[in-house]
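First comes the structure, then the notes that go with it.
Protein chains: 2
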Amino acid sequence: MKLLDCTLRDGGYYTNWDFDQELVDQYILAMNDLPVDYIEVGYRSKPMKNYLGEYFYCPLYLLRRIREKSTKKLTIILNEKDVRAEDVPGLLGPLDGLIDLIRIAVDPKNIGRAIQLAEAIKSAGFPVAFNVMYMSSWKDTPEFIEELVNMDGLATYFYMVDSYGGVYPKDVAETIALVRSKTHVPLGFHGHNNLELGLINTLTALEHGVEIVDATITGMGRGAGNLKTELLLTALSAQEKVSVNYNSLSKAVEPFAKMQKDYEWGTNLPYMVSGANSLPQKDVMSWMGKNRYGLDTIVNALHNQKNNISDNVKLPELDVTGGTSKVLIVGGGTSVQNNHEGLIQLISENDDIAVIFSSSRNFSLLSDHSKRSYLCLIGNEGNKLLDRSADLKNYEGTFIFPPYPREMGTIIPEEVKDRSYELRRIGITDKYFDSPLAVSLQLADDLGASEIFLIGFDGYGSGTNPVQFALAKENQYILDFCRTMGKSVSALAPTAYSNLPVRSLYALLS
Amino acid sequence: MKLLDCTLRDGGYYTNWDFDQELVDQYILAMNDLPVDYIEVGYRSKPMKNYLGEYFYCPLYLLRRIREKSTKKLTIILNEKDVRAEDVPGLLGPLDGLIDLIRIAVDPKNIGRAIQLAEAIKSAGFPVAFNVMYMSSWKDTPEFIEELVNMDGLATYFYMVDSYGGVYPKDVAETIALVRSKTHVPLGFHGHNNLELGLINTLTALEHGVEIVDATITGMGRGAGNLKTELLLTALSAQEKVSVNYNSLSKAVEPFAKMQKDYEWGTNLPYMVSGANSLPQKDVMSWMGKNRYGLDTIVNALHNQKNNISDNVKLPELDVTGGTSKVLIVGGGTSVQNNHEGLIQLISENDDIAVIFSSSRNFSLLSDHSKRSYLCLIGNEGNKLLDRSADLKNYEGTFIFPPYPREMGTIIPEEVKDRSYELRRIGITDKYFDSPLAVSLQLADDLGASEIFLIGFDGYGSGTNPVQFALAKENQYILDFCRTMGKSVSALAPTAYSNLPVRSLYALLS
Chain A
1 MKLLDCTLRD GGYYTNWDFD QELVDQYILA MNDLPVDYIE VGYRSKPMKN
51 YLGEYFYCPL YLLRRIREKS TKKLTIILNE KDVRAEDVPG LLGPLDGLID
101 LIRIAVDPKN IGRAIQLAEA IKSAGFPVAF NVMYMSSWKD TPEFIEELVN
151 MDGLATYFYM VDSYGGVYPK DVAETIALVR SKTHVPLGFH GHNNLELGLI
201 NTLTALEHGV EIVDATITGM GRGAGNLKTE LLLTALSAQE KVSVNYNSLS
251 KAVEPFAKMQ KDYEWGTNLP YMVSGANSLP QKDVMSWMGK NRYGLDTIVN
301 ALHNQKNNIS DNVKLPELDV TGGTSKVLIV GGGTSVQNNH EGLIQLISEN
351 DDIAVIFSSS RNFSLLSDHS KRSYLCLIGN EGNKLLDRSA DLKNYEGTFI
401 FPPYPREMGT IIPEEVKDRS YELRRIGITD KYFDSPLAVS LQLADDLGAS
451 EIFLIGFDGY GSGTNPVQFA LAKENQYILD FCRTMGKSVS ALAPTAYSNL
501 PVRSLYALLS
Chain B
1 MKLLDCTLRD GGYYTNWDFD QELVDQYILA MNDLPVDYIE VGYRSKPMKN
51 YLGEYFYCPL YLLRRIREKS TKKLTIILNE KDVRAEDVPG LLGPLDGLID
101 LIRIAVDPKN IGRAIQLAEA IKSAGFPVAF NVMYMSSWKD TPEFIEELVN
151 MDGLATYFYM VDSYGGVYPK DVAETIALVR SKTHVPLGFH GHNNLELGLI
201 NTLTALEHGV EIVDATITGM GRGAGNLKTE LLLTALSAQE KVSVNYNSLS
251 KAVEPFAKMQ KDYEWGTNLP YMVSGANSLP QKDVMSWMGK NRYGLDTIVN
301 ALHNQKNNIS DNVKLPELDV TGGTSKVLIV GGGTSVQNNH EGLIQLISEN
351 DDIAVIFSSS RNFSLLSDHS KRSYLCLIGN EGNKLLDRSA DLKNYEGTFI
401 FPPYPREMGT IIPEEVKDRS YELRRIGITD KYFDSPLAVS LQLADDLGAS
451 EIFLIGFDGY GSGTNPVQFA LAKENQYILD FCRTMGKSVS ALAPTAYSNL
501 PVRSLYALLS
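Protein chains in written order, with the UniProt record's numbering: chain A, 1 to 510; chain B, 1 to 510.
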């Protein structure tokens, strides 16, 4: 039995593959004292379009530093979809003497191409392992199972990956038997933890002859994450199958446990639903990351995905006849409260202004019933509104939804249905269509506004809270895109967004 | 198959059985829409010495309010060790028409007494269930298994409780067979989650004929907690065994998930170790709660418990010959930095003063090498010291440990061993012997000090952070106890502790 810890590689999904060197040093040194055979450091990759950090590329200085400190065998992994056989010399050539095993993460439908890649890796002098995804679906793809005869002699390990985190121990045993019917290759298992079955599935795999298993400290890894290294070691130690230095194990766990409080990896209701129903958790991770959707919205969206429902409600399109020359878009930031009196005066002094609330956060502060007013209901906002029924009763405006079909489905309170409309399309940005800012700017554009004022979009200090930072990046993108389209958008209070002209609210007042 | 949700009852271990009414209402209404059969509200109990909240006593108005809102069967549980048959009319009489099932939590060694209690409950007109602890040890107690013949006709359900959270699916199956060899009573299972085996053990129990199982929302419950209700429902729903309204399930989960961020229930390395080795998690919960011990200290203490080692190091006792009339005890609070200059003057102006650092937090700020100085190393402080080796090199004082044997074992850096001593006994308080304040006060007393000044014990605002509040309560207790023994203890800076005379530091200076 061998253990592979891939905390840095799989945990990078949460940190964009950047880690503090101090944390990595503490982890590597602690691992030296633990019964773990392989450490997977990260990916090797050709340059990608989006920003991805140090451990996604694993430059040589990084691998040399870890090689010096670690007494373990080291591995890196390649994403099969991004790497071809001809890339091998460039990507792996320099790793001679540094890396002991190259793994290939591969979709079973590309297994033929992966075998060619593996042959090139072997020719370059590295032992190679396959991490093949979606093990729960293999029984339905006999053509993939047939390919497994090619594993003998080629692969050092053939891993079964429970990509959805939805397999049970009996499924593990059945899949092992299925694979064993075609090949004698040493087997591996990589278990996810959506249903908290990572430990029992891994122990079951070991009982059925699997020779190597993966785990990560605190389970850090994409979405719901993995079997926890500390749980596997504790369980195996109690069974006297390994000997564990708990001081070192604690030292490995402590810095990741601290990070987990900020990043909150691990399973939760949406990940459970995706695991139990074999739905990809990539969407869940990005939905959770934005903090825009409640648990119920996410579970509903997964339910819609599972049943191939594109959306549950079609609304009438908003009639924008008449239009308006000025629009005030009200965000959720504190500059709304701080400039409250001035904003009221601005609204009352401009007959032709419409007010768009991008969320329900501040909508009760600026209700002037003589002016057009719109409240955008994105994601979970409809539910939040229900908790403020007194404010809702006094509000006389119109409710706006993004265009149909809405990816997350539609949450619409019964009380507002007869005043609810959807936009026809979003043209002022080319992504982030479900953003409250995008919907508000589109509505302003649909109304024909020539001047658009923003308040309550104060930006966030970057680097502090990853959720706020993700939202800030999204808003910056929308604002930049909108500017390239020649829209006149300005902020009425100081803001951390760049390229957004700031005009003092008070310069607009008499 | 029936499901019992005992979130409020078992979650009370974290909140001292107090819950916001709004949270409870949201939970009860959400449960009405879910495939759960029983809701366990809390305990019924005679008055206890320590404070325990509303849901530990479940007064009638509370049960009536929940009875009105809930469409489910309701249960309460009794702690067998605190309740006798003669208490039944007083405790349960008023519950007629409100409660549908009375459960008894019982240690198997008291099963005979519990059967008498159950008979009294049945005579009072209530169906009764047994929740019998320590199922992992039943195979070694045949006399308990013999008693199970009394269950038929008496118990509505007989629950097997995985108290340590350490049983595996095969153990569940074996224990069911063992119980079935003696009785036909309907069986129940209550699974803990130390090893993340709550789901698989519960599903295994259901497969082997168990008729009712427990779970709690977010797993909230003592120590590592329980099988999560949302996980069980999601798994059963994917298998089409129940139909789940995910909106309602999300509503039940959301407020508890929020609380969990503060209280941090769920498994972690110490709970894994206690589960895997069948060690009680009560100690872990109180050790974790104080934030005084690192993971490694706790794991070491569990290891010592398992191997019946009382402590790993015996130190020489401190020689207090000579003594001193005044002592300054330096805590970890900010008043040390804020009054830094004054404290230096105080020390230099008093030839007969000794300085005791109750922790390593501020020890480098007040090193006057002409004065006696002591640094208390409780719990994890020894490890923390190693991270500050520059400060340590300059420190010329003596290191003080609590009396032998230390419950948590001893962490002592090699560098300080030849300057380390332990106290003979703690007499200035009757509990909290491992508190830095208690050790410091005892040392002051041992030195014969007639005046004891405190700085850096600033107290904490109560009600904000439960960890800080627990520490503040502990310090208040020690200070009160010390005062009853006639010790002259005063604070040199304003403090939130009561009955602690405050003397201005600056009134003591020339």
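Cβ atoms here follow ideal geometry from the backbone N, Cα and C, with glycine treated the same way.
- Residue contact with chain B for A/S136: absent (no Cβ-Cβ distance below 8 Å to any residue of chain B).
- The closest CA to that of B/I28, considering only B/G90, B/T216 and B/S136, is found on B/T216.
- Taking 4 residues as the minimum length, the alpha helix (DSSP H) runs contained wholly in the region 86-113 of chain A are 88-92, in order along the chain.
- DSSP, read as helix, strand or coil, puts B/L233 in helix.
- Using a CB distance cut-off of 8 Å, A/T234 counts as an interface residue toward chain B.
- Between B/K251 and chain A, the shortest Cβ-Cβ separation is below 8 Å.
- Under a criterion of Cβ atoms nearer than 7 Å, the residues of chain B adjacent to A/H303 are, in order, Y246.
- In terms of Cβ geometry, A/Y164 and A/G188 do not form a close pair [threshold 8 Å].
- In the structure shown, the three-state DSSP call for A/L328 is strand.
- Proximity of B/M31 to chain A, defined by a Cβ-Cβ separation below 8 Å, is not satisfied.
- Considering only A/E207, A/E341 and A/L375, the residue with the shortest C-alpha distance to A/I356 is A/L375.
- Taking 8 Å as the CB threshold, A/M220 stays off the interface with chain B.
- Under the DSSP definition of a beta bridge, A/R372 partners with A/A354.
- Annotation: the continuous alpha helix (DSSP H) that includes A/H340 extends over H340 to E349.
- Following the DSSP letters along the chain, one finds B/H190 inside the beta strand (DSSP E) bounded by residues L187 to H190.
- Contact between A/K46 and A/D82 is confirmed by a C-beta separation of about 7 Å, below the 8 Å threshold.
- At a cut-off of 8 Å, the C-beta of B/D5 has no neighbouring C-beta in chain A.
- Within chain A, the residues Y246 and N247 have their CB atoms less than 8 Å from the CB of B/N300, given in chain order.
- Of the other Cβ atoms in all chains shown, fewer than 16 fall within 10 Å of the Cβ of B/M48; this residue is therefore exposed.
- Taking the C-beta atoms as reference points, B/S435 is found nearer than 8 Å to B/E474.
- By the 16-neighbour rule on beta-carbons within 10 angstroms, A/H184 is exposed.
- Excluding five sequence positions before and after B/A491, the CB atoms of its chain that fall closer than 6 Å to its own CB belong to L454, L500 and V502, given in chain order.
- Cβ proximity to chain B below 7 Å picks out nothing from the region 92-122 of chain A.
- At least one C-beta of chain B is nearer than 8 Å to the C-beta of A/P169.
- Non-local beta-carbon contacts of A/L206 in its own chain, meaning distances under 7 Å to residues more than five positions away in sequence, involve M1 and V213 in chain order.
- Separation of the CB atoms of A/V161 and A/N201 is rounded to 11 Å, and the pair is thereby denied contact status at 8 Å.
- For A/L447, no chain B residue has a Cβ inside 7 Å of its Cβ, as the nearest lies near 34 Å away.
- Note: A/M285 is not bridge-paired with any residue in the DSSP secondary-structure output.
- Proximity of the region 358-365 of chain A to the region 380-400 of chain A meets the contact definition, three or more beta-carbon pairs being nearer than 8 Å.
- The continuous stretches of beta strand (DSSP E) do not include A/F433, and DSSP gives it neither H nor E.
- Between the alpha carbons of B/P169 and B/G409 lies a distance of about 34 Å.
- Counting only Cβ-Cβ distances below 8 Å, A/E230 has contacts in chain B at L269 and M272, in chain order.
- Contacts with chain B at 8 Å (Cβ-Cβ) do not include A/G379.
- Under the DSSP definition of a beta bridge, A/M160 partners with A/V132 and A/F189.
- Listed as beta-bridge partners of A/N226 by DSSP are A/H192.
- With distances taken between CA atoms, A/G225 lies nearest to A/W265 out of A/Y506, A/Y55, A/W265 and A/A118.
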